[in-house]
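Q:
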Amino acid sequence: AQSVTQPDIHITVSEGASLELRCNYSYGATPYLFWYVQSPGQGLQLLLKYFSGDTLVQGIKGFEAEFKRSQSSFNLRKPSVHWSDAAEYFCAVGAGGFQKLVFGTGTRLLVSP
Amino acid sequence: SAVISQKPSRDICQRGTSLTIQCQVDSQVTMMFWYRQQPGQSLTLIATANQGSEATYESGFVIDKFPISRPNLTFSTLTVSNMSPEDSSIYLCSVAEGTGGETQYFGPGTRLLVL
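Which chain is which? The protein sequence lines are P and A, in order.
Last residue of the first sequence? That's 125 in my numbering, and every number before it is there in order.
Last residue of the second sequence? That's 220 in my numbering, and every number before it is there in order.
1. Which term fits GLY165(A), buried or exposed, when burial requires 16 or more other beta carbons within 10 angstroms of its beta carbon?
2. CA-CA distance, GLU76(P) and TRP47(P)?
3. By alpha-carbon positions, which one of GLY40(P), LEU31(P), GLY55(P) ends up nearest to VAL16(P)?
4. Can you give me the C-alpha to C-alpha distance between CYS103(P) and SER114(A), rounded to a whole angstrom?
5. Helix, strand or coil, according to DSSP, for LYS73(P) in the structure here?
6. Using only the alpha-carbon positions, how far apart do SER158(A) and GLY28(P) sit?
7. Specify, as a first and last residue, the run of the beta strand (DSSP E) that ASP116(A) falls within.
8. Would DSSP call PRO125(P) helix, strand or coil?
9. Please report the straight-line C-alpha distance between VAL134(A) and GLU191(A), rounded to a whole angstrom.
10. Between the segment 163-182 of chain A and the segment 208-218 of chain A, do at least 3 Cβ pairs fall closer than 8 angstroms?
11. Identify, in the order they occur along the chain, each residue of the same chain with its Cβ nearer than 6 angstroms to the Cβ of SER92(P), setting aside the five sequence neighbours on each side.
12. Just the C-alpha distance for GLN146(A) and PRO52(P), rounded to the nearest angstrom, thanks.
13. What did DSSP end up calling SER123(A) once you bin it into helix, strand or coil?
The following block contains the structure:
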């Protein structure tokens, strides 16, 4: 069965600083990996996804993520954080083909001035 | 991606009552999903709704508590029945898109508080 671990519950980053959010997954086959963001009072917005090919994927809002099969990781990065990036970030893994997503517990990002 | 709307956006209900949540999509989609997000928690799949067939429920969720309808390819409803305070959550619908249905896009959610 698939599982996702996001080891950091909260992270505080200064505005303008770089950001890395960690995600480790467990899945027996080639995973379909996703990062979603949930702003306060909002639904989930897809930031980026990885299915195959280039292991560094670019997403919206300046985010990128790198798939590392050897480490079973799919960490999310941003070179310079803006105050509007403060939100909850969820990593998810799927099996493709109209199958359900399994979500991590989320990382809450706080941005300090 | 599809544009997804949900009604109501939020509600406060009394225990013992039922609430039906609507999910409307602006294009035809094969598969729709209903998730629950309990306060401070991650998302958990309740059921998968395919048009023209019975919904498929995940372990721990039953049809009597969470009946789902999927009358056409653009619409679905989730009912939360005989509510208790433990049902206070955000309920989100999503749709599967892409060639193989591998990507899910989510609605804005329905925030439910049960007193």
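Just so you know, even glycine gets a beta-carbon here, dropped at the ideal spot from N, CA and C.
Quantities reported herein were computed from a predicted structural model and do not represent experimental measurements.
A: To lay it out plainly:
1. Counting from one through the second sequence, the residue named residue 165(A) turns up at place 60. By the neighbour-count rule (16 or more Cβ atoms within 10 Å), GLY165(A) is not buried but exposed.
2. The sequence position of residue 76(P) within the first sequence is 64, counting from 1. The sequence position of residue 47(P) within the first sequence is 35, counting from 1. Near 10 angstroms, if we compare the C-alpha coordinates of TRP47(P) and GLU76(P).
3. In the first sequence, the residue the question calls residue 16(P) occupies position 4. Cα-wise, what sits closest to VAL16(P) is GLY40(P).
4. Start at 1 with the first residue of the first sequence, and residue 103(P) comes out as number 91. Start at 1 with the first residue of the second sequence, and residue 114(A) comes out as number 9. Straight-line Cα distance between these residues: approximately 24 angstroms.
5. Locating residue 73(P) in the first sequence gives position 61, where the first residue counts as 1. Helix.
6. Taking the first residue of the second sequence as 1, we reach residue 158(A) at position 53. Taking the first residue of the first sequence as 1, we reach residue 28(P) at position 16. SER158(A) and GLY28(P): Cα-Cα distance of roughly 50 angstroms.
7. Within the second sequence, numbered from 1, the residue matching residue 116(A) stands at position 11. From DSSP, the beta strand (DSSP E) with ASP116(A) extends over 115-118.
8. Counting from 1 along the first sequence, the entry for residue 125(P) is found at position 113. If DSSP states are grouped into helix, strand and coil, PRO125(P) belongs with coil.
9. In the second sequence, counting from the first residue as 1, residue 134(A) sits at position 29. In the second sequence, counting from the first residue as 1, residue 191(A) sits at position 86. Whole-angstrom Cα-Cα distance: 31 angstroms.
10. no
11. Taking the first sequence and counting its residues from 1, one reaches residue 92(P) at position 80. If we look at SER92(P) and ignore the five residues flanking it on each side, its Cβ neighbours are GLY28.
12. The sequence position of residue 146(A) within the second sequence is 41, counting from 1. The sequence position of residue 52(P) within the first sequence is 40, counting from 1. Taking the straight line joining both Cα atoms gives about 14 angstroms.
13. Here residue 123(A) corresponds to residue number 18 of the second sequence, with the count starting at 1. SER123(A): coil per DSSP, three-state reduction.
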